[in-house]
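Participant:
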Amino acid sequence: MSSELEREIGHDEFDPVGTLGLITIYFLILVVLWIFMYFVEFAGGDLTVVGVVV
Amino acid sequence: MSTESGTFLDQFPAEAKVVRTAFYSSFVALFVGALMGILQVLHRTDVLRIVDSADYYSLLTLHAVLLVLSFSVFFLVGIFTWAVTTSLDRGLQDLRYTWAWYGLMALGTLLAGIAVLGAFIPGLDMSAAVLYTFYAPLQAHPFYYLGLALFIVGTWLAGLDWFRSWWAWKKDNPDERIPLPTFMALTTTLFWILSSAGVAVSVLAFLLPWSLGIIDQVNALLTRTLFWYFGHAVVYFWLMPAYLLWYTMLPKISGGKLFSDPLARVVFVLFLILSTPTGIHHQYLDPGIAEGFKFIAMVNTMFLLLPSLLTAFTVVASMEHGARQRGGSGLFGWLRALPWRDPVFTGMALAGLMFAAAGFSGMINAGMNINYLVHNTWWVVGHFHLTVGTAVALTFMAATYWFLPQLTGKAIWSKSLGLVQVLVWFVGMTFMSNSMHRQGLIGVPRRTAEPQYSGFDYEVAVGSMAELNMQVIIGGTLLFISTLLFLTVVVMTVIGDKVDGLPDNGYADTLSGPEDAPLVLDNLKLWAGIAALLVILAYSLPLAAIITRGGILGPGGSPSPQFVDTLLFVGRVAADTVGGVIA
Numbered sequence: 001m002s003s004e005l006e007r008e009i010g011h012d013e014f015d016p017v018g019t020l021g022l023i024t025i026y027f028l029i030l031v032v033l034w035i036f037m038y039f040v041e042f043a044g045g046d047l048t049v050v051g052v053v054v
Numbered sequence: 001m002s003t004e005s006g007t008f009l010d011q012f013p014a015e016a017k018v019v020r021t022a023f024y025s026s027f028v029a030l031f032v033g034a035l036m037g038i039l040q041v042l043h044r045t046d047v048l049r050i051v052d053s054a055d056y057y058s059l060l061t062l063h064a065v066l067l068v069l070s071f072s073v074f075f076l077v078g079i080f081t082w083a084v085t086t087s088l089d090r091g092l093q094d095l096r097y098t099w100a101w102y103g104l105m106a107l108g109t110l111l112a113g114i115a116v117l118g119a120f121i122p123g124l125d126m127s128a129a130v131l132y133t134f135y136a137p138l139q140a141h142p143f144y145y146l147g148l149a150l151f152i153v154g155t156w157l158a159g160l161d162w163f164r165s166w167w168a169w170k171k172d173n174p175d176e177r178i179p180l181p182t183f184m185a186l187t188t189t190l191f192w193i194l195s196s197a198g199v200a201v202s203v204l205a206f207l208l209p210w211s212l213g214i215i216d217q218v219n220a221l222l223t224r225t226l227f228w229y230f231g232h233a234v235v236y237f238w239l240m241p242a243y244l245l246w247y248t249m250l251p252k253i254s255g256g257k258l259f260s261d262p263l264a265r266v267v268f269v270l271f272l273i274l275s276t277p278t279g280i281h282h283q284y285l286d287p288g289i290a291e292g293f294k295f296i297a298m299v300n301t302m303f304l305l306l307p308s309l310l311t312a313f314t315v316v317a318s319m320e321h322g323a324r325q326r327g328g329s330g331l332f333g334w335l336r337a338l339p340w341r342d343p344v345f346t347g348m349a350l351a352g353l354m355f356a357a358a359g360f361s362g363m364i365n366a367g368m369n370i371n372y373l374v375h376n377t378w379w380v381v382g383h384f385h386l387t388v389g390t391a392v393a394l395t396f397m398a399a400t401y402w403f404l405p406q407l408t409g410k411a412i413w414s415k416s417l418g419l420v421q422v423l424v425w426f427v428g429m430t431f432m433s434n435s436m437h438r439q440g441l442i443g444v445p446r447r448t449a450e451p452q453y454s455g456f457d458y459e460v461a462v463g464s465m466a467e468l469n470m471q472v473i474i475g476g477t478l479l480f481i482s483t484l485l486f487l488t489v490v491v492m493t494v495i496g497d498k499v500d501g502l503p504d505n506g507y508a509d510t511l512s513g514p515e516d517a518p519l520v521l522d523n524l525k526l527w528a529g530i531a532a533l534l535v536i537l538a539y540s541l542p543l544a545a546i547i548t549r550g551g552i553l554g555p556g557g558s559p560s561p562q563f564v565d566t567l568l569f570v571g572r573v574a575a576d577t578v579g580g581v582i583a
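So the protein sequences, as listed, match chains A and B.
Per full-length UniProt numbering, numbering through the first sequence is continuous, rising by one, with the last residue being 54.
Per full-length UniProt numbering, numbering through the second sequence is continuous, rising by one, with the last residue being 583.
(1) Listing by chain order, which chain A residues have their CB less than 7 Å from the CB of B/V299?
(2) Can you tell me which of B/M368, B/T45, B/G322, B/A205 puts its alpha carbon nearest to the alpha carbon of B/W378?
(3) Are there three or more Cβ pairs, one per stretch, closer than 8 Å when the stretch 129-138 of chain B is compared with the stretch 38-58 of chain B?
(4) Out of B/F71, B/Q11, B/M36, state which residue places its alpha-carbon closest to the alpha-carbon of B/T390.
(5) When DSSP labels each residue in this structure, what does A/F14 get in the three-state scheme?
(6) In the structure shown, what three-state DSSP assignment does B/P122 receive?
(7) In chain order, what residues of the stretch 12-26 of chain A put their CB closer than 8 Å to some CB of chain B?
(8) Between which two residues does the alpha helix (DSSP H) containing B/T510 stretch?
(9) What's the gap between the Cα of B/L534 and the Cα of B/I273?
(10) To which residues does DSSP link B/P241 through a beta bridge?
(11) Between A/F36 and chain B, is there a C-beta pair that is closer than 8 Å?
(12) Going straight from the alpha carbon of B/V374 to that of B/L394, what length do you get?
(13) Candidates B/A205, B/D286, B/P181: which alpha carbon is nearest B/L221's?
(14) Buried or exposed: B/K410, going by 16 or more other Cβ atoms within 10 Å of its Cβ?
(15) Below 8 Å, how does it come out for the stretch 419-428 of chain B and the stretch 6-26 of chain A: are there three or more Cβ pairs, yes or no?
(16) Roughly how far, in whole angstroms, is the beta-carbon of B/S361 from the beta-carbon of B/L386, given that I think they are within contact range, below 8 Å?
(17) Using a C-beta cutoff of 8 Å, does A/L28 count as contacting chain B?
(18) Taking the Cβ atom as the reference point for each residue, do B/L95 and B/A14 lie within a distance shorter than 8 Å?
(19) Evaluate contact between the stretch 500-514 of chain B and the stretch 255-263 of chain B, counting only Cβ atoms and requiring at least three cross-stretch pairs below 8 Å.
(20) Just the Cα atoms here: how many angstroms apart are B/S211 and B/A197?
(21) Report back the beta-carbon spacing between B/I474 and B/V47 to the nearest angstrom; my notes put them in contact at under 8 Å.
(22) So who's on the other strand from B/P445, going by DSSP bridges?
(23) On a Cα-Cα basis, can you pick out the residue from B/F227, B/A205, B/W228, B/Q452 that is closest to B/Q217?
(24) Output, in sequence order along the chain, the residues in the stretch 390-411 of chain B whose CB is closer than 8 Å to any CB in chain A.
(25) List, in order along the chain, the chain A residues whose C-beta lies closer than 7 Å to that of B/E320?
(26) Identify whether B/S5 lies in helix, strand or coil by the three-state DSSP scheme.
(27) Where in the stretch 148-214 of chain B do unbroken runs of the alpha helix (DSSP H), each at least 4 residues long, occur, reported from the N-terminal end onward?
(28) Just the chain A side, please: which residues come within less than 8 Å of B/R326 by C-beta, in chain order?
(29) Taking the alpha-carbon of B/P241 as reference, which of B/L76, B/V28, B/V494 has the nearest alpha-carbon?
(30) Thinking C-beta only, is B/G37 closer than 8 Å to B/F480?
(31) Find the residues of chain B that neighbour A/F39, judging by a C-beta separation of less than 8 Å, and give them in chain order.
(32) Please confirm whether B/T311 and B/T278 have their CB atoms less than 8 Å apart.
(33) Note down the Cα distance separating residue 585 of chain B from B/F293, rounded to an integer number of angstroms.
(34) Looking only at its chain, what residues have a beta carbon closer than 6 Å to the beta carbon of B/F74, apart from the 5 residues adjacent to it on each side?
(35) Quickly, what does DSSP pair B/K498 with across the bridge? List them, please.
(36) So B/L78 and B/V19 are supposed to be a Cβ contact under 8 Å. How far apart are they, rounded?
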């Protein structure tokens, strides 16, 4: 495995900005999907049991 | 016992045999379970119904039990045995003991499997179509409960085996930190014993005697609650070996080091303390449990997002470290430098990606109000096919391509076919799970042999039911093909010849090692104590309420909402008081 390595990156030189980027995108996806699920699918749906009874 | 380098087989031949046997047992369960899976897909979508619809539930039970208990847990005991042996660099204490717990697990699986399959033998009065959750009043043949109990006891003894190794190691190395893989196995064992005690009580004290005719009835809500006391922690029990592989193998395979050993320890400690006091979130719609208790379970569940998000960060950062060491650059350009041609890496990375998607549907399941939208629908099935069905299963399959040479001394028969296999699984699950989620949103129920109803059409906002079913059929077929490809690679590898020059056994180094982790993290007694305390806080009142209202042996309380009972009670007291004053 080590033969494929081009360079050694130590603890102090490594700055995981790519990870930050990916996690930010993931977080945004989560927020958008949650808003969609809550407001469109859940709150936007018709009343079910209560609607039948009342 | 040996400290020389080489494969795991070279270092610990006897332990390698244990791990190998556990893996093979797991693969047999995978094959039968997957076969049941494809039969269910074709049955539900009305493509091919080779069994009576009443027997569909036996197939479903076998699919679930074999895949989520046998496949996953046999693989788990193999992984943990490897992890403890490798990281402590010592063999197990007593192999006869080890084979005894393996034997108990195998016997348990066999008994439960026989009980389920008995339904297909004419004239034999045996069945266990109780589904994975075995809710009373559904009743199974005693063999089913007995099998489950033996299997679980087997896993406890396995956990004790890893502890015995660690205790012995600690005597020789009193001042050293617990090596990370062993730490992971031990913390997982602790919450597993804590949580599975619930299902053991449910099975041994209530369901087995009831099935044997010793008692007439059980308190259905009590046994359900005890099931879910175990039922959510068990999902982390499957997940922890996958996490162990992501933390200790994936960074190495990516060409880097684990970003942070302390963070990994924090994650496993959080799972130890939070896995169990959350089970009631599976019972949001169960009458008979007060909303307040459900709210506490929801809060605990939301806290559990934390270790998973920590894992997302640590594991991706470790992969990024590897990619940059391999010459990757740019904000996202490093992704191209990862070893995508290696099925071990690609399988685990895609499994992680699917787990991220499952994180979203899990958040929906966990929310008390929004859960009503998807409860008991096919959405939930879509969710756990992403978690246990991909994050766990695909990681295990991918890891097999690394472990099999370590355990047999033979090279993987075809890594290219392995790569195709993990990709086919990913694509198949994308289709199947996507459709299951969408069907769930329009109300298609889970656990239903014939979800087709006359005089009623589902209102599909985008696409059509035919399109959604087609996705399930395509997805399910691809998953079955992927399973067959996997088993082909395994069998061809195992019957091949031994080779030299295999990679050495080992796991990833760390950028920030255990010396950076506070000592308190290794205090297993403390964390186990806190875990037990949280369980007492979350469960003592609900269990007391259920038993008080419904009796320890049933028949169960009234299904009216808890607040109505409380109002009636308060009203009666008020009326009596007023009556007393007037009189």
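Every residue gets a Cβ at the ideal spot worked out from N, C-alpha and C, and that includes glycine.
Facilitator: In this structure, then:
(1) One-based indexing of the second sequence puts residue 299 of chain B at position 299. In chain order: nothing, as chain A lies at least about 17 Å away.
(2) To locate residue 378 of chain B, count along the second sequence from 1; it is residue 378. The closest CA to that of B/W378, considering only B/M368, B/T45, B/G322, B/A205, is found on B/T45.
(3) Yes: the two stretches touch, three or more of their Cβ pairs being nearer than 8 Å.
(4) Within the second sequence, numbered from 1, the residue matching residue 390 of chain B stands at position 390. If we check each option's Cα against that of B/T390, B/F71 comes out closest.
(5) Taking the first sequence and counting its residues from 1, the one referred to as residue 14 of chain A is at position 14. Reduced to three states, the DSSP call for A/F14 is coil.
(6) Position 122 of the second sequence, counted from the first residue, corresponds to residue 122 of chain B. B/P122: coil per DSSP, three-state reduction.
(7) F14, P16, V17, G18, T19, G21, L22, I23, Y26
(8) In the second sequence, the residue the question calls residue 510 of chain B occupies position 510. Where B/T510 is concerned, there is no enclosing alpha helix (DSSP H), although the beta strand (DSSP E) it sits in stretches over 510-512.
(9) As a first step, residue 534 of chain B must be located in the second sequence, where it is residue number 534. As a first step, residue 273 of chain B must be located in the second sequence, where it is residue number 273. About 7 Å.
(10) As a position in the second sequence, residue 241 of chain B is number 241, starting the count at 1. B/P241 is not bridged to any residue.
(11) Within the first sequence, residue 36 of chain A is the residue found at index 36, counting from 1. Closer than 8 Å: no.
(12) One-based indexing of the second sequence puts residue 374 of chain B at position 374. One-based indexing of the second sequence puts residue 394 of chain B at position 394. Approximately 25 Å, taken between the alpha carbons.
(13) Here the question's residue 221 of chain B lines up with position 221 in the second sequence. Of the listed residues, the one whose Cα sits closest to B/L221 is B/D286.
(14) Locating residue 410 of chain B in the second sequence gives position 410, counting from the first residue. With 16 or more Cβ atoms within 10 Å of its Cβ, B/K410 is classed as buried.
(15) Cβ pair count under 8 Å is below three, so no.
(16) Reading the second sequence from its first residue, position 361 is the one you call residue 361 of chain B. Reading the second sequence from its first residue, position 386 is the one you call residue 386 of chain B. Their Cβ separation, rounded to whole angstroms, is 7 Å, which keeps B/S361 and B/L386 in contact under 8 Å.
(17) By 1-based counting over the first sequence, the position of residue 28 of chain A is 28. Answer no: the Cβ-Cβ gap between A/L28 and chain B never drops below 8 Å.
(18) In the second sequence, residue 95 of chain B corresponds to position 95, counting from 1. In the second sequence, residue 14 of chain B corresponds to position 14, counting from 1. Pairing B/L95 with B/A14 gives a Cβ-Cβ distance under 8 Å.
(19) Touching, yes, given that three or more Cβ pairs across the two stretches are closer than 8 Å.
(20) Within the second sequence, numbered from 1, the residue matching residue 211 of chain B stands at position 211. Within the second sequence, numbered from 1, the residue matching residue 197 of chain B stands at position 197. Their Cα atoms are separated by approximately 20 Å.
(21) Walking along the second sequence from the start, residue 474 of chain B turns up at place 474. Walking along the second sequence from the start, residue 47 of chain B turns up at place 47. Not confirmed; about 11 Å, so no contact.
(22) Here residue 445 of chain B refers to the residue found at position 445 when the second sequence is read from its first residue. For B/P445, which the question treats as bridged, DSSP gives the partners B/T377.
(23) Along the second sequence, read from residue 1 onward, the residue named residue 217 of chain B stands at position 217. Out of B/F227, B/A205, B/W228, B/Q452, B/A205 has the C-alpha closest to the C-alpha of B/Q217.
(24) none
(25) Walking along the second sequence from the start, residue 320 of chain B turns up at place 320. Counting only Cβ-Cβ distances below 7 Å, B/E320 has contacts in chain A at P16, G18, T19, in chain order.
(26) Your numbering for residue 5 of chain B matches position 5 in the second sequence. Judged by DSSP in its simplified three-state form, B/S5 adopts coil rather than helix or strand.
(27) 180-201, 208-211
(28) Translated into positions along the second sequence, residue 326 of chain B becomes position 326. The contacting residues are E4, L5, E6.
(29) On the second sequence, residue 241 of chain B is found 241 positions in, with the first residue counted as 1. It is B/L76.
(30) Within the second sequence, numbered from 1, the residue matching residue 480 of chain B stands at position 480. Within the second sequence, numbered from 1, the residue matching residue 37 of chain B stands at position 37. For B/F480 and B/G37, yes; Cβs fall inside 8 Å.
(31) Translated into the one-based positions of the first sequence, residue 39 of chain A becomes position 39. For the C-beta of A/F39, not a single chain B residue is nearer than 8 Å; the gap to the nearest is close to 10 Å.
(32) Position 311 of the second sequence, counted from the start, is the residue given in the question as residue 311 of chain B. Position 278 of the second sequence, counted from the start, is the residue given in the question as residue 278 of chain B. No, the Cβ-Cβ distance between B/T311 and B/T278 is not below 8 Å.
(33) Past the edges of chain B, shown from 1 to 583, lies residue 585 of chain B, and the structure says nothing about it.
(34) Working through the second sequence from its first residue, we reach residue 74 of chain B at position 74. Within the same chain, B/F74 has close Cβ partners A22, S25, S26.
(35) If you number the second sequence from 1, residue 498 of chain B lands on position 498. Per DSSP, B/K410.
(36) Translated into positions along the second sequence, residue 78 of chain B becomes position 78. Translated into positions along the second sequence, residue 19 of chain B becomes position 19. According to the sequence provided, residue 78 of chain B is Gly. The question's Leu does not apply to it. The beta-carbon separation of B/G78 and B/V19, rounded to 4 Å, stays under the 8 Å limit for a contact.
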